[in-house]
Amino acid sequence: MAERVQQPPAKRLCCRPGYSTTCRQGQRSGGTVCGGSGSGQGGSSKTQSPESLLDIAARKVAEKWPFQRVEERFERIPEPVQRRIVYWSFPRSEREICMYSSFNTGGEESASSGESGDETRLPFRRGIALLESGCVDNVLQVGFHLSGTVTEPATPSEPEMVCSVAISFDRCKITSVTCGCGNKDIFYCAHVVALSLYRVRRPEQVKLHLPISETLFQMNRDQLQKFVQYLITVHHTEVLPTAQKLADEILSQNSEINQVHGAPDPTAGASVDDENCWHLDEEQVQEQVKLFLSQGGYHGSGKQLNLLFSKVREMLKMRDSNGARMLTLITEQFMADPRLALWRQQGTTMTDKYRQLWDELGALWMCIVLNPHCKPEQKAAWLRQLKKWNSVDVCPLEDGNHGNELPNLTNALPQGAHGNQDLGARPHRTVFTRAIEACDLHWQDSHLQHIINDDLYTNYCYHDNTENSLFDSRGWPLWHEHVPTACARVDALRSHGYPREALRLAIAIVNTLRRQQQKQLELFRNHKKDLLHKGVTSITNLEGWVGHPLDPIGTLFSTLMETGRGDEDGSHGGFLDFSAVSMSSSKHSELHLFPSTRRFLEEGESYLALAVETALMGLGQQRIMPDGLYAQEKVCRNEEHLIAKLQEVDLDDTLVKIFRKQAVFLLEGGPYSGLGELIYRESVPMHTFAKYLFTCLLPHDAELAYKIALRAMRLPVLESTAPSGDMSRPHHIVSVVPNRYPRWFTLSHIESQQCELASTMLTAAKGDARRLETVLESIQKNIHSSSHIFKLAQDAFKIATLMDSLPDITLLKVSLELGLQVMRMTLSTLNWRRREMVRWLVTCATEVGVYALDSIMQSWFTLFTPTEATSIVATTVMSNSTIVRLHLDCHQQENLASSARTLALQCAMKDPQNCALSALTLCEKDHIAFETAYQIVLDAATTGMSYTQLFTIARYMEHRGYPMRAYKLATLAMAHLNLSYNQDTHPAINDVLWACALSHSLGKNELAAIIPLVVKSVKCATVLSDILRRCTLTTPGMVALHSRRNSGKLMSLDKAPLRQLLDATIGAYINTTHSRLTHISPRHYSEFIEFLSKARETFLMAHDGHIQFTQFIDNLKQIYKGKKKLMMLVRERFG
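The structure is reproduced here in structure tokens:
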């Protein structure tokens, strides 16, 4: 709060014409202590006498009446009466002081606890510390004004500081504060807290004076003059200019000050027109919210804003009018956030945390306008403000989307005869729309009034069994209203400090829901055959209760749970006087909390049990998936939050019965249940909820648990043949849910939850073959994501092969089946995890046994690509580690190897390019299979295989000791090769050189046969010259098979086949030279000269090579004489 040193202006003018001169002179101007005579509470005596009628009356007047009204009502008020009214006008509870000086709540309890850390720095805690360490001094109460000094002790970094504090109060509320510390914050500073608590805790030590105007009335003229002159003398530097100005105005007959009767008195209390509310520094609230918003969620600003919202709720609970004031200030800053316009302009969405703050803003306004005791003019003012915000272009929409349309369902209630028709037709619903609609709601319905005010409101003679009957068959009251709206009433009652009324209404709503659930079950059972025959279902709820902006189920659950735990404080009376109910004495027992309300519970039922059943009903409701990313994420988030709350509850026999009862309802509830036999295609899936139910029911009723979980496994939105919903009836909202493929932004999360549910069932079913088979069928039928099925397969494998037990063969088979399904699903699609999946499947099959390995190899074409089957599957199966792992005998090894060879040959036939080499490798130990594989390679060599693949296999053949076969494959590869003149770095050059070396080593005939192929395929001069040089170094066949040496002569360059190679090499040099000279640049001249030098070496290998080279050079000089510099270099080198 912005605390100022100046005194606040006086609130009203004071004059006392009724006092006579005698009376004024006869009164003493001194003061008495606050707890003077007549006070039954101010003394420190241990013996307490009964409170006097004066004190009782003065306390009531001080709480309710402004002091001006007291003065106007009575011509003369005795001084003792004035003193007691002034005494009782200061707040007596520390709770409000705590609320206005800290984020945390807790009044006296928090004041007395010795917590450390951040809480010790809160103003309220620090104020207590200052008070208890004797830092408060000079405390003086003059009328309705309290002042004093608070000494801030010195610290290593700061000197001692004395702060002057002034507090004005009225009707038990602090109405203004000032402090010399200069601290700026929303909350009262520690010095204000210290002085306030001094007055609350030690009233007998505070000297009390009547308002200063009363004291002045008691003075005669001389006394008044002396008083003024002394005052000016003591404070002449501060007040002399003001005193002179006032004197001039008073002495002027026509001055404004002389036209007014009386004079202001800052200590005289409130006037009739003053609003009675606690001091709230509005400027600081605005500045702080603006600062938090500008930080964009960083530096804990989101947490700070949530704390401000909590403070608003705390104020509402205390029935403090500043709650609405503070929320108005916060909302104005939210609406002024410049990011709203930027996001709208850019078409981007706000962050999730920021969006949740807007949701809380809308919910708080809903609570405020539903205040059961707010005045009509107050509600009208709020409605005008809400409509103003609602009409702004950048006002955020309720579901986070632009352009989404929802019908006005908030006014769908029995009393709603005058709905906002213009708002119902609005194209957009903003975060304020529901609060605007709620302004039409009222609390005057007589049935509603009886429900919330009367613990004994029953009608045992009521026999109307219609859908909207006011009582059930037991005579208990029901409340039929749009469920979120009815629950918003409960939230409003709780928020405004009416816990008992909120509880009564909550119980009536839950009993209504239970009755409706029973009626729906009966209705469905009567029409079950027809519906199942049609295979269709209806949308029974457009707005689901879980994930709804008003959070109806969360509200009911919290209301009942808080009552069950004894958390709800009853410090305020409600519509009736509940002061006789002691909250503090019933922290652990529901029997003492609102005992008469328990008449509307079943025998042996508790509020906790009712809360749990309510949550189960809400979570199991069939509801349509909303549009938009934010709305869908909210559905998931709220469901998980509610389940987390349920998981905190320990299940006893009573709760298990409720779980069983609701599970049966959900299974048999038809279109009203998300776990019914038929669900609408776009219904919110039940996987997360069913997993929780399954876990809870499993130890008590395994059959029911599996029924629930298996029913919930479905995900019809992904089914191409899913039945369409029955949209024939008007209340099924045909126009709102168009026939379209849905955009489920949270689908990946939903599928992961489906996977988690299946994994939970697999884990639980270990050792139960029948259950495992059922779960497997459900997974295969309902899960459509290969990655999730693969995860389940891996989970099952891990569970089945835990180290502390023998492998569960049934679960292993389930794991294998799931793995096989993944293989089939991903066979024709790209999947970056495919190799990992294949390797894992072979590992799994190995654990299952040799028959599983044999089976996957027999049906490989439905599971693997030929490459995977040969390079991963068959290779792994035939590895030593697999043989050792399976403990195979020789016969089993041979059978497995035979299957692997058969697979390899089939793969080689299907994809020889990628599988031929693997097939040859796998068939090495079987002559017939190896020959078959080799023949497959030969057959495919002319058409389907590249020279690279053929060269690779040829080298393999040489390595395995088949040089002639290698030579054969090399010649086939050469037929596919084509090396142009400038490809002197081609990767196939090494293969060509190897092929020629192989041919040379085999003999003259082989070399003679391959050279024509080389000449045809290779046009690169340097490669040809390299081959030529190698062929002239040794005799063909010199290193033959088995290392036997041949004796023979070197081959002649003048005869075939080397002559052909020599001519081709010379021709290649000539062609390459002309090609390079066409586009040569000066920087390549030296490189070109070196190239010609290599060419000359090749030319000179011919008997007339010198002559040929000279002619070649001369031709170059003639043809390229324009390239003078280059030709000069040629002459220098070659003449």
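Those letters in the sequence shown? Residues 1053 to 2187, per my numbering, in order. Glycine included, each C-beta is placed from N, C-alpha and C at the ideal position.
Counting only the Cα atoms, Ser1880 lies some 10 Å from Thr1914.
Between Leu1762 and Thr1815, the gap from beta carbon to beta carbon reaches 8 Å or more. Beta-bridge analysis with DSSP links Thr1201 to Asp1189, Ser1216. Between the C-alpha atoms of Val1138 and Gly1195 there is a straight-line separation of about 6 Å. Residue pairing for Asp1222: DSSP places it in a beta bridge opposite Lys1225. Each of Leu1698, Arg1675, Met1765, Leu1608 was checked against the Cα of Glu1734, and the nearest Cα belongs to Arg1675. By the Cβ-count criterion, Asn1578 is exposed, with fewer than 16 other Cβ atoms from all chains shown falling within 10 Å of its own Cβ. Contact between the region 1123-1136 and the region 1202-1217 is not established, with fewer than three Cβ pairs separated by less than 8 Å.
Closest by C-alpha distance to Arg1891, out of Gly1996, Tyr1903, Ala1926, Leu1379, is Ala1926.
Counting only the Cα atoms, Cys1224 lies some 5 Å from Phe1142.
Secondary structure of Pro1263 (DSSP, three-state): coil. Residue burial is scored here from C-beta neighbours: Trp1884 has fewer than 16 other C-beta atoms within 10 angstroms and is therefore classed as exposed.
Non-local beta-carbon contacts of Val1244 in its own chain, meaning distances under 7 Å to residues more than five positions away in sequence, involve Val1217, Ile1219, Val1229, Cys1231 in chain order.
In the structure shown, Leu2031 adopts extended strand secondary structure according to DSSP, grouped into three states. Nearest in C-alpha terms to Glu1204, of all of Phe1269, Ser1867, His1197, Gly1179, is Gly1179. Under the DSSP assignment, Ile1302 falls in the alpha helix (DSSP H) whose first and last residues are 1288-1303.
Rounded to whole angstroms, the separation of the alpha carbons of Gly1375 and Glu1327 is 14 Å. DSSP places Ile1731 outside both helix and strand once states are collapsed to three, so it counts as coil.
Cys1807 is classed as buried because its beta carbon has at least 16 other beta carbons within 10 Å across all chains shown. Annotation: the continuous alpha helix (DSSP H) that includes Glu2149 extends over 2137-2151. Lys2071 sits in coil when the DSSP states are folded into three classes, being neither helix nor strand. In terms of Cβ geometry, Leu1493 and Leu1422 form a close pair [threshold 8 Å].
The DSSP-derived three-state label of Lys1439 is helix.
With the rule of 3 Cβ pairs closer than 8 Å, the region 2102-2111 does not count as touching the region 2137-2146.
Boundaries of the alpha helix (DSSP H) harbouring Cys1150: 1146-1151, taken from the DSSP string. Contact between Gln1336 and Asp1237 holds: CB atoms are separated by about 6 Å, below the 8 Å threshold. Residue pairing of Ile1676 in beta bridges, as defined by DSSP: Ser1735. In this structure, the CA atom of Ser1950 is about 38 Å from the CA atom of Ile2041. Between the C-alpha atoms of Glu1920 and Leu2129 there is a straight-line separation of about 50 Å.
Pairing Lys1369 with Ser1547 gives a Cβ-Cβ distance under 8 Å. The three-state reading of DSSP puts Ala1315 in strand, counting E and B together. DSSP, read as helix, strand or coil, puts Lys1236 in strand. In the three-state DSSP reduction, Phe1155 falls in the coil class, being neither helix nor strand.
Of Ala2022, Asp1978, Arg2017, the smallest CA-CA separation from Ser1998 is found for Ala2022.
Taking the Cα of Ala1661 as reference, the smallest distance to any Cα among Leu1671, Leu1612, Ile1561 is reached at Leu1612. Restricting attention to beta strand (DSSP E) runs no shorter than 3 residues, the region 1859-1933 encloses none.
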